[in-house]
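Shown next, in structure tokens, is the structure this report addresses.
In our numbering, the protein residues as written are -1 to 339.
Laid out in structure tokens, this is it:
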């Protein structure tokens, strides 16, 4: 009998090439402006010459003034055209860069949503195969969870944001599969304000952070490890935190982690959607790492439910939000902050 794989179940995607949009041509604009300016100069000079013939040499000085003014007008029009062209090209470059950044962020999100990484599927199926020799019920539950996670991934494909409720549901199913490897070594605890469940958050905002906590923290800890997930409203901001009590990271390792694809994609998405009105911070704590995310508070008009009553339990039924808001779970227990076993 083979034991379940002890490798981390990665969740990621592949890159996507993005072609630049064609640059608009403005090759005919410059000759037209030059010819127009030259026409104005020639017309002014001709007028001055005819006035000089009609009224005599006394207008010769006036003629030269007109010629000089015509040349000045030509140079002014030419310089103005150059400045206008430079301004428009600068705007076009900025627009193309903005469009490319938007498409890049959308493509990065799509790669996260498209499908589970082959290693994740391979290790999960390997764990299921091993469980079938020792615990058929556990193997069946893991297979159902994998099916549910794949279904949710397809349903969320292309979505830029959703409720925190839906994000927690996806995260719960992901962690249930991870627990196939960790078993009792992984304890996940939630502290979620009831009114925060309807708040809108970017899709897959929590999963990469939890994956990092597993890979770099709890996964390297010899004994049991804890991951605490909190969500609270503070005035006009929603504050999310993922905290682990794993082995921790050095300053250099923490800096390298923030430059990884998962964190970089998350930061780019937050920047694209909220500008400067967001926070994504990594903190070294005495035991482990704490990651804080803050986004503007926005409420979804829809109502959904998610069970966040301790992932180690094998229940799948959702609890009613009104019971959770009252501080009761499905069995009359505290809905938030309960420690799994």
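Cβ coordinates follow ideal geometry from the N, Cα and C atoms, glycine included.
Are the Cβ atoms of residue i and residue j separated by less than 9 Å?
i, j, result
"residue 201", "residue 269", "no"
"residue 228", "residue 276", "no"
"residue 166", "residue 236", "no"
"residue 208", "residue 240", "yes"
"residue 196", "residue 297", "yes"
"residue 212", "residue 225", "yes"
"residue 144", "residue 123", "yes"
"residue 184", "residue 173", "yes"
Report the partner residues of residue i according to the DSSP bridge assignment.
i, result
"residue 190", "229"
"residue 297", "197"
"residue 287", "282"
"residue 356", "Outside the modelled stretch of the chain, which goes from -1 to 339, sits residue 356, for which no answer is possible."
"residue 161", "198"
"residue 342", "An answer regarding residue 342 cannot be provided, because it is not within the stretch -1 to 339 covered by the chain."
"residue 242", "225"
Looking at C-alpha atoms only, which residue of the options is the closest neighbour of residue i?
i, options, result
"residue 203", "222, 164, 174", "164"
"residue 194", "182, 234, 209, 212", "234"
"residue 252", "76, 70, 289", "289"
"residue 137", "143, 144, 129", "129"
"residue 210", "185, 287, 140, 181", "287"
"residue 272", "178, 179, 293", "293"
"residue 291", "191, 265, 257", "265"
"residue 150", "85, 280, 171", "171"
"residue 223", "72, 198, 76, 180", "180"
"residue 230", "199, 72, 258, 94", "199"
"residue 284", "256, 259, 248", "248"
"residue 139", "232, 295, 178", "178"
So is residue i buried or exposed if we call it buried at 16+ other beta carbons inside 10 Å?
i, result
"residue 24", "Confidence at residue 24 is low in this model, with a pLDDT of 48, below 50, so the placement of that residue should be treated as unreliable; the coordinate-derived value is given next. That one is exposed."
"residue 160", "buried"
"residue 80", "exposed"
"residue 175", "buried"
"residue 307", "At residue 307 the pLDDT is 42, less than 50, meaning the model places this residue with poor confidence; the figure from the coordinates comes in the next sentence. Buried is the call here."
"residue 169", "buried"
"residue 206", "buried"
"residue 215", "buried"
"residue 77", "exposed"
"residue 82", "exposed"
"residue 190", "buried"
Would you say the beta carbon of residue i comes nearer than 8 Å to a heavy atom of the ligand FMN?
i, result
"residue 229", "Only the bare structure without any ligand can be found here, which leaves the ligand FMN out of the picture."
| Three or more beta-carbon pairs under 8 Å between the segment 206 to 223 and the segment 235 to 255, yes or no? | yes
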